[in-house]
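Undergrad:
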Ligand SMILES: Cc1cc2nc3c(=O)[nH]c(=O)nc-3n(C[C@H](O)[C@H](O)[C@H](O)COP(=O)(O)OP(=O)(O)OC[C@H]3O[C@@H](n4cnc5c(N)ncnc54)[C@H](O)[C@@H]3O)c2cc1C
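In this note's numbering, the protein residues as written are 206 to 803.
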């Protein structure tokens with residue numbers, strides 16, 4: 206049976222010792238009273254919920270799955286899921302970072318971010334039910350009318366109602382411009398929506414009294430393509446003027462997908478049969494509003510893989526200390542045992558350290574991103590808001606794709622640590638690998654993220670945002686460039702920072718002549734950019750740890766940080782050289798292959 210311990214110490218290190226989040230938060234009027242103790246106390250309680258309520262349902266939920274009643278179209282979630290959700294609501298957890306104007310507790314995003322990392326480690330399937338609601342809440346908060354906000358946000362904040370995002374149709378996932386669902390305007394200002402959506406996470410369930418679906422559909426006179434897509438609120442139960450539930454709306458579950466992982470989450474085919482909806486935002490501008498939800502969800506998906514990486518690492522580490530096989534190459538280590546624990550073997554350590562380095566690097570990036578989100582929304586200085594928004598836009602595809610790809614590498618490595626036992630369900634390791642796998646696919650595949658990063662976010666503004674990030678790297682290099690102890694962490698990012706400028710210009714130039722050059726380089730490019738970002742945070746974490754050690758702090762936590770940073774720069778970061786080389790191989794080797802792919 207797997208176990209899970211909330212990584213509170215590491216969260217505190219990132220938040221308070223590396224990022225000093227309280228300094229940034231108290232500069233924002235609504236968080237002026239925020240302090241370290243409050244953040245830590247909330248997360249301690251949150252960790253208990255994750256470990257004691259959500260985690261025990263992870264394996265059973267995976268084995269049992271969801272059930273659809275074909276007559277009533279109602280879905281039953283795995284045993285215990287509904288009760289765990291009731292506890293979550295009772296504890297006020299849905300309201301944590303929601304606006305106080307709608308009954309929220311108004312805590313900073315970073316608190317919710319860390320809380321959700323723990324929930325994701327504990328049970329990704331369960332966590333997706335409340336998790337998607339946060340995205341729907343954000344889209345309505347940003348683009349809903351006052352009436353829509355008053356009608357829906359209070360109940361989504363309290364957790365009484367859940368939310369979903371309904372984009373995908375059988376013939377279109379990436380290319381939403383192909384969408385066919387239709388919305389007919391009605392005399393009373395509502396719309397009648399007809400169509401079929403597939404793959405809708407948490408699309409039907411028994412956990413909340415109402416489900417607020419955010420649905421993309423086309424108006425009758427809509428222009429073709431993505432510029433003709435509008436967004437609608439389609440509640441499972443219509444909501445009366447007084448806020449109470451009315452008639453069952455014409456949106457129901459026509460089937461549940463049988464999947465590789467996240468089996469406790471209901472992935473629903475939803476049939477819209479003249480369902481009543483109200484428009485969010487402007488006609489044909491649905492993607493603008495939906496992007497608020499999609500951006501939140503992309504950060505959320507990165508957080509799911511961070512959670513999976515952490516829990517897989519914890520279990521692999523414990524196993525590697527217990528399992529005895531063979532003797533160490535350098536001589537017997539456990540004299541009292543017939544063999545040494547497998548943690549003595551270099552490659553087992555490599556697998557463990559890979560997961561640890563990717564988990565801790567991912568945590569730093571996600572915490573940093575949560576602070577950018579906070580600043581973008583609430584900082585009093587307009588320039589800070591703008592800069593934070595731009596940087597976050599660039600980092601979002603890296604969070605989504607780099608962290609989920611690393612989650613794939615890490616959960617597989619941790620499963621490998623268990624040998625054959627990793628493949629056996631009882632140990633729980635294969636579930637982490639299976640559950641993590643979807644994170645590379647949904648919310649825009651990782652390929653699509655790489656095109657977004659390179660095409661839109663970097664070449665689209667001639668590298669301006671990349672240069673902004675480059676400045677942060679430059680500051681750190683200037684600060685620590687003469688510190689010999691930091692050289693092994695600073696030199697690689699200084700070199701890569703310089704190389705990135707040339708690398709980006711080169712791809713941009715080639716892409717200008719042939720757009721396939723961008724498509725051919727994008728996935729490699731995102732991984733290189735991901736390492737520049739992780740390298741920056743690993744160097745900052747090493748900097749803090751080295752200072753503590755130099756000041757005489759003997760807490761082994763700091764030595765562990767330095768050792769992990771050293772491993773990261775020596776064994777993981779250098780793949781950037783190969784990636785730049787393969788990116789430079791260009792599009793010809795891919796596109797002049799018709800005979801090979803005939
Ligand atoms: C378990 C699960 C849960 C999901 N939850 C939701 C949900 O809650 N709501 C929702 O709306 N959707 C959801 N989805 C759908 C998911 O977002 C899509 O599956 C995903 O976006 C990919 O779309 P597709 O499956 O149609 O693949 P396609 O778009 O057909 O893509 C197929 C392949 O082609 C590649 N490709 C496509 N276009 C390009 C391009 N221009 N350049 C390079 N490569 C390209 C893709 O990267 C992919 O590898 C879910 C899916 C699953 C499996």
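Glycine included, every Cβ here is placed at the ideal spot set by N, Cα and C. Keep in mind the model is a prediction, meaning the values are calculated, not measured.
Between the C-alpha atoms of residue 615 and residue 628, what's the straight-line distance to the nearest angstrom?
TA: Start at 1 with the first residue of the chain shown, and residue 615 comes out as number 410. Start at 1 with the first residue of the chain shown, and residue 628 comes out as number 423. Whole-angstrom Cα-Cα distance: 15 Å.
Undergrad: Taking the straight line between their C-alpha atoms, what separation do you get for residue 206 and residue 593?
TA: Looking up residue 206 in the chain shown gives position 1. Looking up residue 593 in the chain shown gives position 388. When rounded, the distance between both Cα atoms is 42 Å.
Undergrad: On the three-state DSSP scale, how would you describe residue 611?
TA: Along the chain shown, read from residue 1 onward, the residue named residue 611 stands at position 406. Three-state DSSP puts residue 611 in a helix.
Undergrad: On the three-state DSSP scale, how would you describe residue 529?
TA: Here residue 529 refers to the residue found at position 324 when the chain shown is read from its first residue. Three-state DSSP puts residue 529 in a strand.
Undergrad: Could you spell out the range, first to last residue, of the alpha helix (DSSP H) harbouring residue 736?
TA: The residue given as residue 736 occupies position 531 in the chain shown. Residues 721–755.
Undergrad: Hey, residue 654 and residue 598: beta-carbon distance below 7 Å or not?
TA: Start at 1 with the first residue of the chain shown, and residue 654 comes out as number 449. Start at 1 with the first residue of the chain shown, and residue 598 comes out as number 393. Contact flag unset, no.
Undergrad: What are the start and end residues of the beta strand (DSSP E) that includes residue 632?
TA: For this step, residue 632 is matched to residue 427 along the chain shown. Where residue 632 is concerned, there is no enclosing beta strand (DSSP E), given that its DSSP letter is neither H nor E.
Undergrad: In chain order, what residues of the same chain have a beta carbon less than 6 Å from the beta carbon of residue 753, not counting five sequence neighbours either side?
TA: For the purposes of this step, residue 753 is taken as residue 548 along the chain shown, with counting starting at 1. Within the same chain, residue 753 has close Cβ partners 763.
Undergrad: Below 8 Å on the Cβ atoms is my contact criterion, and I expect residue 295 with residue 284 to pass it. Report the Cβ-Cβ distance as a whole number of Å.
TA: For the purposes of this step, residue 295 is taken as the residue at position 90 of the chain shown. For the purposes of this step, residue 284 is taken as the residue at position 79 of the chain shown. Their Cβ separation, rounded to whole angstroms, is 19 Å, which puts residue 295 and residue 284 out of contact at 8 Å.
Undergrad: What do you reckon, are the CB atoms on residue 738 and residue 750 nearer than 7 Å?
TA: Your numbering for residue 738 matches position 533 in the chain shown. Your numbering for residue 750 matches position 545 in the chain shown. Contact: no.
Undergrad: Kindly confirm or deny that the segment 474–493 and the segment 637–656 touch, where touching means at least three C-beta pairs closer than 8 Å.
TA: These segments do not touch.
Undergrad: If I follow the unbroken beta strand (DSSP E) through residue 390, where does it start and stop?
TA: Translated into positions along the chain shown, residue 390 becomes position 185. It spans 387–390 - the beta strand (DSSP E) in which residue 390 sits, taken as one unbroken run.
Undergrad: Count the other CB atoms, across all protein chains shown, that sit within 10 Å of the CB of residue 611; report buried if there are 16 or more and exposed otherwise.
TA: Position 406 of the chain shown, counted from the first residue, corresponds to residue 611. With 16 or more Cβ atoms within 10 Å of its Cβ, residue 611 is classed as buried.
Undergrad: Can at least three beta-carbon pairs, one atom from the segment 461–478 and one from the segment 522–536, be found at a separation below 8 Å?
TA: No, because fewer than three Cβ pairs between the segment 461–478 and the segment 522–536 fall closer than 8 Å, the two stretches do not touch.
Undergrad: Locate the alpha helix (DSSP H) running through residue 559, then write down its first and last residues.
TA: One-based indexing of the chain shown puts residue 559 at position 354. From DSSP, the alpha helix (DSSP H) with residue 559 extends over 551–583.
Undergrad: Report the residue from 262, 357, 278 whose alpha carbon sits nearest the alpha carbon of residue 307.
TA: On the chain shown, residue 307 is found 102 positions in, with the first residue counted as 1. If we check each option's Cα against that of residue 307, 357 comes out closest.
Undergrad: For residue 667, is the classification buried or exposed, using 16 other Cβ atoms within 10 angstroms of its Cβ as the cut-off for buried?
TA: If you number the chain shown from 1, residue 667 lands on position 462. Exposed.
Undergrad: Once you ignore the five residues that flank residue 211 on each side, which residues in its own chain have a CB closer than 7 Å to its CB?
TA: As a position in the chain shown, residue 211 is number 6, starting the count at 1. Closer than 7 Å at the Cβ level, and outside the excluded window around residue 211, lie 252, 255, 256, 323.
Undergrad: Is residue 414 near residue 470, with beta carbons less than 7 Å apart?
TA: For the purposes of this step, residue 414 is taken as the residue at position 209 of the chain shown. For the purposes of this step, residue 470 is taken as the residue at position 265 of the chain shown. Not a contact, by the Cβ cut-off of 7 Å.
Undergrad: Assign residue 325 to buried or exposed, taking buried as 16 or more other Cβ atoms, counted over all protein chains shown, within 10 Å of its Cβ.
TA: Looking up residue 325 in the chain shown gives position 120. Flag for residue 325 reads buried.
Undergrad: Using 6 Å as the cut-off, classify the Cβ of residue 406 as near or not near the heavy atoms of ligand 1, replying yes or no.
TA: Position 201 of the chain shown holds residue 406. Because some heavy atom of ligand 1 lies under 6 Å away, the Cβ of residue 406 counts as near it: yes.
Undergrad: Should residue 383 be counted as a contact of ligand 1 given a C-beta to heavy atom distance under 6 Å?
TA: Position 178 of the chain shown, counted from the start, is the residue given in the question as residue 383. No, ligand 1 has no heavy atom inside 6 Å of this Cβ.
Undergrad: Quick test of the definition: if touching needs 3 or more C-beta pairs under 8 Å, does the segment 335–353 touch the segment 481–490?
TA: Yes, the segment 335–353 touches the segment 481–490.
Undergrad: My guess is that residue 321 and residue 508 are in contact by the Cβ rule of under 8 Å, so how many angstroms apart are they, rounded?
TA: Taking the first residue of the chain shown as position 1, residue 321 is located at position 116. Taking the first residue of the chain shown as position 1, residue 508 is located at position 303. 5 Å between Cβ atoms; contact.
Undergrad: In chain order, what residues of the same chain lie with their CB nearer than 7 Å to the CB of residue 824, ignoring the 5 residues before and after it?
TA: Residue coverage of the chain in this structure runs from 206 to 803, which leaves residue 824 outside it and unanswerable.
Undergrad: Only counting the same chain, and skipping five residues up and downstream in sequence, which positions put a Cβ closer than 7 Å to that of residue 700?
TA: Residue 700 sits at position 495 when you count from the first residue of the chain shown. Nothing listed; no residue qualifies.
Undergrad: Quick one: measure Cβ to Cβ for residue 646 and residue 735, integer angstroms, because I've assumed they're closer than 8 Å.
TA: Along the chain shown, one-based indexing puts residue 646 at 441. Along the chain shown, one-based indexing puts residue 735 at 530. The Cβ separation is near 18 Å, so there is no contact.
Undergrad: Among 365, 381, 362, which has the Cα closest to the Cα of residue 371?
TA: Position 166 of the chain shown holds residue 371. When each option's Cα is compared against that of residue 371, the closest is 381.
Undergrad: Whole angstroms is fine: what's the gap from residue 562's alpha carbon to residue 773's?
TA: Taking the first residue of the chain shown as 1, we reach residue 562 at position 357. Taking the first residue of the chain shown as 1, we reach residue 773 at position 568. About 6 Å.
Undergrad: Within 10 Å of its beta-carbon, does residue 799 have 16 or more other beta-carbons around it, so buried, or fewer, so exposed?
TA: On the chain shown, residue 799 is found 594 positions in, with the first residue counted as 1. So residue 799 counts as exposed.
Undergrad: Going by beta-carbon coordinates alone, are residue 494 and residue 344 separated by less than 7 Å?
TA: Walking along the chain shown from the start, residue 494 turns up at place 289. Walking along the chain shown from the start, residue 344 turns up at place 139. Yes; because the gap between Cβ atoms is below 7 Å, this pair is in contact.
Undergrad: For the structure I just gave you, are there three or more beta carbon pairs, one from the segment 374–389 and one from the segment 423–437, closer than 8 Å?
TA: Result yes; three or more Cβ-Cβ pairs closer than 8 Å.
Undergrad: When you compare each of 379, 447, 363, 438 to residue 396 by their alpha carbons, which one comes out closest?
TA: Taking the chain shown and counting its residues from 1, one reaches residue 396 at position 191. Nearest C-alpha to residue 396: 438.
Undergrad: Determine the burial state of residue 759: buried for a count of at least 16 other Cβ atoms within 10 Å of its Cβ, exposed for fewer.
TA: For this step, residue 759 is matched to residue 554 along the chain shown. Result: exposed.
Undergrad: By how many angstroms is the C-alpha of residue 726 removed from the C-alpha of residue 346?
TA: On the chain shown, position 141 is the one that residue 346 refers to. On the chain shown, position 521 is the one that residue 726 refers to. Each residue's alpha carbon lies about 37 Å from the other.
Undergrad: For the alpha helix (DSSP H) that residue 319 lies in, which residues bound it at each end?
TA: Position 114 of the chain shown holds residue 319. Segment 314–327, the alpha helix (DSSP H) holding residue 319.
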